[in-house]
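Every letter in the sequence shown is one number past the one before it in this note's numbering, and letter 78, counting from 1, is 87.
Backbone N, C-alpha and C fix where the C-beta goes; we use that ideal spot for every residue, glycine too.
Here the structure is a predicted model, which means the values were calculated and not measured.
Have a look at the structure below before the remarks.
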Amino acid sequence: MTVAPRTSLGEALGLYLHWPYCSRICPYCDFNVYRARGDDDALLAAILSDMTDWREKSGARSLASLHFGGGTPSLMRPDWIGRVIETADRLWGLAEDAEIGLEANPGDQARFAGIAAAGVQRLSLGVQSFDDAVLATLGRDHDGDQSLAAIDTALAAFPRVSVDMIYAQSGQDVAAWSAELKRALASGAGHVSAYQLTIEPGTAFGKRTERGETLAVDGDSAADLYEATQDLCDAAGFPAYEVSNHARTPADRSVHNRIYWEGGDWIGVGPGAHGRLGRATAGGRVATTACRRPGAYIDAVSATGSGLSAEDTETLSPLDDMIERAFLGLRVIDGLDLRHLESATGLQPDKAAVERMIDDGFLVRAGTRIALTSAGRLLADRVTREILP
Ligand SMILES: C[S@@+](CC[C@H](N)C(=O)[O-])C[C@H]1O[C@@H](n2cnc3c(N)ncnc32)[C@H](O)[C@@H]1O
Ligand code: SF4
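See the structure below:
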C-alpha cells in the first residue's frame, strides 16, 4: 500500500449548516429531520444570527469549507443559500479554494441552476438507487429515470458532483448491486459514496426489524457486497479514500468530510448540528451540539444569541479527543498522522500494539502516518481499539 502525499486538513476550519426539513421522511433515516411545511424564514434568521455569535467564539480564521447538509438543503430558497454564503464570507472569509457544497434530493432538480448561481460548487446528490423497486422499498420520492435526469442536470450546473448510493437491502445480490454501482460510476460524477444500509433503532425500518422483518442482508453477504464495491470502484478508476467514499482524483475528494476525518475544526449551525473546536493541548477541544428541534433552536438564538444546547456541549478530555481522532482518522485510506495526533492531544497510540498490528498485517506505516491494510479495514474498529493507550 502507498500513502498518497497531500495537504492535510487537520488545521482547517469548516462551517456545517444543518437544514432539517425534508419533503418526506425516509423509513431508514435517523438524521435530525422534520417534514417541511413551507419556507421557515425564522430558522434562516436564527442561523444567520448564530453564525455571528460563532464568529466571536472562533476568532479570525478563514473557512476551507462551507457545507449545507440535512435533511434536504436543496429545499432552501436559492436566495437564502446565497445569503448564508455571503454572511460566511463576510464573517470569516472563504479561502480562495474553499469548497461550497450542498446535499440535494433528485426531486429538487428544477432548483439546481439557482443553487449553483447562488455560489454552490459541489452538489452531493442522494440518488440511492436507479432501480424503481429498490427506490420504492427505500421509501424514496423519485424513480430511476429521475435519478439519472437529476445527475445530468447537476453535471450541467455544478463543477463537482457526487452521487450517494445505498446497498445491502434485503434480497440484493452482488450482480444486482454491481449493475447499479456501474451506472453511478459511469454517470459522469467524479465522486461516489456507497453506504451500506444501516437499520437504525427508532426509525420505521428499525421498528419493522424489531417486529421480525428482514430489511438488510446478513453480515456475510454485506462483506461480499463491500468487496465487490471496492473491486468495481478500483476498476472504474474510483479508488476509495475512506471506507465508503470513492473519488476519481484527489481533487474530487470532499473537503467537508476530510476536515472531519483528519481532525480539523468545524462549526455546526442549525438544529442539532454538531461541531468541534480547539485542541486538547490548548485547554480542551469543545464538542458542541445545537438544540435539536427547530423551534427550540430559534428560541435559544433569540434568548441567548447562540443555538447551542448547554447540556449537550462539553470539553473533551485529551483521551476522549485522541480516541475520536483515531477512530475517524483510521477510516481514511491515507491513514492517521501520528505527529498531528500528538500535537493536538498530547497522546500517542500504544507503540507496542501498533508494532504488533503492523506485524500481523492489519496496519502499515508510511512516514508519520499509520493506515489500515485491506485486512485491517474489515476489522477497523477492533484494530483501532487495540492501539489505544
Ligand atoms: C443526510 S442524507 C441527506 C441527503 C438527502 N436528503 C437525501 O436523502 O438524498 C445523506 C446520505 O446518508 C445516507 N443514509 C442516510 N441514512 C442511511 C442509512 N440508514 N443507511 C445507509 N445510508 C444512509 C444516504 O445515502 C443519504 O444520501
Ligand atoms: S434520507 Fe434524506 S430525504 Fe430521506 S429523511 Fe433522511 S435526510 Fe430526509
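With a CB to CB cut of under 7 Å and the five nearest residues on each side skipped, what residues in its chain are close to residue i?
{"i": "residue 96", "result": "57, 60"}
{"i": "residue 53", "result": "89"}
{"i": "residue 75", "result": "24, 94, 97, 103, 107, 109"}
{"i": "residue 21", "result": "73, 268, 273"}
{"i": "residue 231", "result": "177, 205"}
{"i": "residue 349", "result": "17, 19, 272"}
{"i": "residue 264", "result": "18, 73, 74, 108"}
{"i": "residue 362", "result": "395, 396"}
Output needed for residue i: all residues of its chain with C-beta closer than 8 Å, excluding positions within five of it in sequence on either side, in chain order.
{"i": "residue 398", "result": "328, 331, 356, 357, 358, 359"}
{"i": "residue 251", "result": "266, 270, 340, 341, 342"}
{"i": "residue 322", "result": "295, 296, 297, 298"}
{"i": "residue 242", "result": "190, 194, 201, 203, 248, 249, 255"}
{"i": "residue 253", "result": "202, 203, 204, 205"}
Using 9 Å as the threshold, is the C-beta distance between residue i and residue j below it?
{"i": "residue 18", "j": "residue 276", "result": "no"}
{"i": "residue 366", "j": "residue 344", "result": "no"}
{"i": "residue 200", "j": "residue 171", "result": "yes"}
{"i": "residue 294", "j": "residue 41", "result": "no"}
{"i": "residue 122", "j": "residue 162", "result": "yes"}
{"i": "residue 73", "j": "residue 125", "result": "no"}
{"i": "residue 186", "j": "residue 234", "result": "yes"}
{"i": "residue 37", "j": "residue 303", "result": "no"}
{"i": "residue 279", "j": "residue 63", "result": "no"}
{"i": "residue 128", "j": "residue 78", "result": "no"}
{"i": "residue 289", "j": "residue 382", "result": "no"}
{"i": "residue 113", "j": "residue 134", "result": "yes"}
{"i": "residue 120", "j": "residue 87", "result": "yes"}
{"i": "residue 164", "j": "residue 197", "result": "yes"}
{"i": "residue 325", "j": "residue 247", "result": "no"}
{"i": "residue 249", "j": "residue 183", "result": "no"}
{"i": "residue 51", "j": "residue 307", "result": "yes"}
{"i": "residue 218", "j": "residue 39", "result": "no"}
For residue i, collect the residues of the same chain with a Cβ closer than 6 Å to its Cβ; drop the 5 residues on either side in sequence, then sort them by chain order.
{"i": "residue 399", "result": "Residue 399 lies beyond the residue range present for the chain, which begins at 10 and ends at 398; the question has no answer from this structure."}
{"i": "residue 102", "result": "71"}
{"i": "residue 175", "result": "137, 204, 206"}
{"i": "residue 369", "result": "none"}
{"i": "residue 33", "result": "150"}
{"i": "residue 118", "result": "159, 162"}
{"i": "residue 215", "result": "208, 209"}
{"i": "residue 376", "result": "none"}
{"i": "residue 262", "result": "250, 256"}
For residue i, count the other beta carbons within 10 Å of its own beta carbon; 16 or more makes it buried, fewer makes it exposed. Which is it?
{"i": "residue 130", "result": "exposed"}
{"i": "residue 23", "result": "buried"}
{"i": "residue 433", "result": "With the chain represented from 10 up to 398, any question about residue 433 goes unanswered, as that position is not in the structure."}
{"i": "residue 115", "result": "buried"}
{"i": "residue 48", "result": "exposed"}
{"i": "residue 364", "result": "exposed"}
{"i": "residue 105", "result": "exposed"}
{"i": "residue 202", "result": "buried"}
{"i": "residue 378", "result": "buried"}
{"i": "residue 352", "result": "exposed"}
{"i": "residue 142", "result": "exposed"}
{"i": "residue 394", "result": "exposed"}
{"i": "residue 15", "result": "A caution first: residue 15 carries a pLDDT of 47, below 50, which makes its placement in the model too unreliable to give a value."}
{"i": "residue 285", "result": "buried"}
{"i": "residue 399", "result": "The structure shown does not extend to residue 399, since the chain spans only 10 to 398, so no value can be given for it."}
{"i": "residue 282", "result": "buried"}
{"i": "residue 229", "result": "exposed"}
{"i": "residue 244", "result": "exposed"}
{"i": "residue 83", "result": "buried"}
{"i": "residue 309", "result": "buried"}
{"i": "residue 391", "result": "exposed"}
{"i": "residue 240", "result": "exposed"}
{"i": "residue 291", "result": "exposed"}
{"i": "residue 312", "result": "exposed"}
{"i": "residue 55", "result": "buried"}
Less than 9 Å between CB atoms is the rule here; does residue i satisfy it with respect to chain B?
{"i": "residue 93", "result": "The chain labelled as chain B is not found in the depicted structure, where only one protein chain is given."}
Query - Inter-stretch contact (C-beta, 8 Å, three-pair minimum) for the stretch 223-231 and the stretch 56-68 - result: no
Query - Cβ contact check for the stretch 301-317 and the stretch 325-337: 3 or more pairs under 8 Å - result: no
Query raised in the report: With distances taken from each beta carbon to the nearest heavy atom of ligand 2, which residues come in below 6 Å, in chain order?
Result: For ligand 2, the selected residues are 31, 34, 35, 38, 40, 42, 79, 80, 81, 114, 135.
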